[in-house]
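Everything below concerns the one structure shown next.
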Amino acid sequence: MFKLLSERSFAHLRLLTRFSHNESTLAALKTATNSAALRTYPYFINRTRFQSLPVYVDVKNGRTRKLTIVRRIEGDINAFHREITNALDLETLAIKNASSQLVFKGDCAEEIRRWLTEKGF
């Protein structure tokens, strides 16, 4: 079962199983791990220490300008940018390679979280 997983995915699964004490939850995790939906991407989005997705809304200019920031992007940030802009039709303001962040115009945090969850992150 674990041979298909990368090192990061295995660590993430280990964290999830550590906090789930329910047998049905463990069975669901094993089924999800064995499914064909598990795919490797050229990028990886690390979750925070509380297991939430690192997607944030920043409000600027006296609450008139909203920016959505995706943090903790590992790997090919340009491939992630291409996929997310094609899938969600978002306007990108900045690609910050040094800090591994993408900045989008507007409040689109819920859309991005939903898309990342569908992708398995």
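Residue numbers for the sequence shown follow this note's numbering, so the first one is 34 and each next one is one higher. Note that the Cβ used here is the ideal one computed from N, Cα and C, for glycine as well.
- Annotation for residue 98: the continuous beta strand (DSSP E) segment containing it runs 98-103.
- Each of 129, 147, 104 was checked against the Cα of residue 77, and the nearest Cα belongs to 104.
- Cβ contact annotation for residue 127 (same chain, cutoff 6 angstroms, sequence separation greater than five): 136, in chain order.
- Assigned with DSSP and collapsed to three states, residue 135 falls in strand.
- Counting along the chain, residue 107 sits inside the beta strand (DSSP E) bounded by residues 106-108.
- Residue pairing from DSSP places residue 77 in a beta bridge opposite 107.
- At a Cβ-Cβ threshold of 8 angstroms, residue 145 and residue 90 do not count as neighbours.
- Going by C-alpha positions, residue 75 is about 6 angstroms away from residue 108.
- Excluding the 5 residues flanking it on each side, residue 141 has same chain C-beta neighbours closer than 8 angstroms at 101, 121, 123, in chain order.
- The beta-bridge partner set that DSSP reports for residue 91 consists of 100.
- DSSP, reduced to helix, strand and coil, places residue 86 outside both helices and strands of the structure shown, so it counts as coil.
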